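Here the structure comes first, spelled out in structure tokens, and everything after it is commentary.
In the numbering used here, the protein residues as written are -12 to 181.
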């Protein structure tokens, strides 16, 4: 809440604040105080994003931290490879993957696609209510007086750039339901067909 806004695809501070900083502060720095070198194993894959595709498999003195090395053993794996090896070893995937979720870290992720949002609106409406409540709380703390989970410009049908015209009621997460429940081009989604 200290930023007065939610993270977004262009300002993704969630990963840094919820993953990177705590691991660095509570694990890496602590380990480097006792050992000369620490190897951080990371399960990121090049297929996940253009930025990750540019990462090396091995990195020395990562984050400008002497002694911190990063190893990314599955960097070149494909999506199918991950599930194939899990199956081969009898490991069941997170059940959310079988319920139309492409990401399982946050509910919903700021990168949730239309199909995933439709699944969330249908299966877990309480999550939408939770986000709507957080929109109200963060808006009350925001210097702009508003804060939406998704950018007000994301939906082309109601894209708005004038701050004074954007409210939680007009552009909040609940307003994405109708859009999420349609197929590309406005057809009826499988979630509405019954």
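Each residue gets a CB set at the ideal place from its N, CA and C atoms; glycine is no exception. It should be emphasised that the depicted structure is a prediction, and the values quoted were computed from it without experimental measurement.
Determine whether the beta carbon atoms of residue i and residue j lie at a separation below 7 Å.
{"i": "residue 113", "j": "residue 107", "result": "no"}
{"i": "residue 118", "j": "residue 160", "result": "yes"}
{"i": "residue 167", "j": "residue 67", "result": "no"}
{"i": "residue 44", "j": "residue 62", "result": "yes"}
{"i": "residue 82", "j": "residue -5", "result": "no"}
{"i": "residue 31", "j": "residue 59", "result": "yes"}
Could you spell out where the beta strand (DSSP E) holding residue i opens and where it closes?
{"i": "residue 26", "result": "25 to 28"}
Is it buried or exposed for residue i, if we count other Cβ within 10 angstroms and need 16 for buried?
{"i": "residue 84", "result": "exposed"}
{"i": "residue 155", "result": "buried"}
{"i": "residue 163", "result": "buried"}
{"i": "residue 57", "result": "buried"}
{"i": "residue 103", "result": "buried"}
{"i": "residue 88", "result": "buried"}
{"i": "residue 95", "result": "buried"}
{"i": "residue 131", "result": "exposed"}
{"i": "residue 99", "result": "buried"}
{"i": "residue 158", "result": "buried"}
{"i": "residue 136", "result": "buried"}
Can you list, in chain order, the residues of its chain with a C-beta nearer than 7 Å to that of residue i? Leave out the 5 residues immediately preceding and following it.
{"i": "residue 134", "result": "-9, -8, -7, 122, 125, 126"}
{"i": "residue 40", "result": "33"}
Just curious, the alpha helix (DSSP H) that residue i is in, first and last residue?
{"i": "residue 105", "result": "101 to 110"}
{"i": "residue 171", "result": "No alpha helix (DSSP H) holds residue 171; DSSP gives it neither H nor E."}
{"i": "residue 31", "result": "It is not in any alpha helix (DSSP H) - residue 31 carries neither H nor E in the DSSP assignment."}
{"i": "residue 37", "result": "37 to 40"}
{"i": "residue 156", "result": "155 to 158"}
{"i": "residue 18", "result": "16 to 21"}
{"i": "residue 165", "result": "164 to 167"}
With a CB to CB cut of under 6 Å and the five nearest residues on each side skipped, what residues in its chain are close to residue i?
{"i": "residue 101", "result": "167"}
{"i": "residue 5", "result": "none"}
{"i": "residue 18", "result": "25"}
{"i": "residue 46", "result": "57"}
Quick one: what's got a C-beta closer than 8 Å to residue i's C-beta in the same chain, skipping five residues either side?
{"i": "residue 1", "result": "-6, 93, 97"}
{"i": "residue 49", "result": "27, 55, 56, 57"}
{"i": "residue 129", "result": "-9, -8"}
{"i": "residue 69", "result": "32, 61"}
{"i": "residue 90", "result": "96, 98, 99, 103"}
| Which whole runs of the alpha helix (DSSP H) in the segment 50 to 97 are 4 residues long or more, in chain order? | With a minimum length of 4 residues, the unbroken runs of alpha helix (DSSP H) contained wholly in the segment 50 to 97 fall at 66 to 75.
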